[in-house]
Amino acid sequence: MRKKGQAAMEFLMTYGWAIIVVLAAIAALAYFGVLSPANLLPERTTFPAPIQHLDNAVISSDGTVTLALANNVGARIEINSTGAVSATDDCDVQSYEVRVDGAPTEEVSNGANFILEIDCGTLESGDRFSSDISITYLNTASGLERPHQGSVQGRVN
2 MRKKGQAAME FLMTYGWAII VVLAAIAALA YFGVLSPANL LPERTTFPAP IQHLDNAVIS
62 SDGTVTLALA NNVGARIEIN STGAVSATDD CDVQSYEVRV DGAPTEEVSN GANFILEIDC
122 GTLESGDRFS SDISITYLNT ASGLERPHQG SVQGRVN
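Quick note on the numbering used here: the sequence shown kicks off at 2 and runs consecutively.
Set out below in structure tokens:
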């Protein structure tokens, strides 16, 4: 009867040591940043219709967040009112610029692609960036101002 107890104890001790070694390895990987959630989370830009994103945002350490968007509203839009672009979390909007074909503008034709460049203040290179971005635009066909919201997550370049 004692032999069975000893065999069971040896079995449990062997598995116990193996579990301790695995936990120590995971702790070492986490300590050295290999398992850092910031390294594992994907970059993501989400702007639903009618103003949709074309690509992931580019986030620069000088504080510039550059978005490639498309006007699918069904009419020409204007992004020109004070506070037309606002953000939360990691972005404190200093200023913004709308560009179509490289030229600054306030008006975007229906179906046109445009660049929205937002100055968020200084950002640290390598940090994670996450912000909800709101755009208020004027639908020139209806004459109504409409809010639109999206989100940006990624690493500061």
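Ideal Cβ placement from N, Cα and C applies to all residues, glycine included.
Remember, predicted model here, so these are calculated numbers, not experimental data.
Exercise for review: Could you tell me if ALA8 is buried or exposed, where buried requires 16 or more neighbouring beta carbons within 10 angstroms of its beta carbon?
Suggested key: It counts as exposed.
Exercise for review: Starting from the Cα of SER143, find the closest Cα among GLY127, GLY122 and GLU79 and give me that residue.
Suggested key: The option with the nearest alpha carbon to SER143 is GLU79.
Exercise for review: Please name the residue in GLN154, SER152, PRO148 and ARG129 whose C-alpha comes closest to that of SER37.
Suggested key: For SER37, the closest alpha carbon among the candidates GLN154, SER152, PRO148 and ARG129 is that of ARG129.
**Study point:** Selected residue, minimal CA-CA separation from ASP133, among SER87, THR141 and GLY112
**Key:** Comparing Cα-Cα distances from ASP133 to each of SER87, THR141 and GLY112, the minimum goes to SER87.
Review point. By how many angstroms is the C-alpha of ALA71 removed from the C-alpha of SER126?
Key: When only Cα atoms are considered, SER126 and ALA71 end up about 28 angstroms apart.
**Study point:** Residue from VAL157, ARG156, GLY151 and GLY155 whose Cα sits closest to the Cα of ALA50
**Key:** Each of VAL157, ARG156, GLY151 and GLY155 was checked against the Cα of ALA50, and the nearest Cα belongs to GLY151.
Point to revise | CB contact flag (ARG147, GLU118, <8 angstroms) | key: Result no, Cβ atoms of ARG147 and GLU118 do not sit closer than 8 angstroms.
Review point. Should GLY155 be labelled buried (16 or more other beta-carbon atoms within 10 Å of its own) or exposed?
Key: Burial call: buried.
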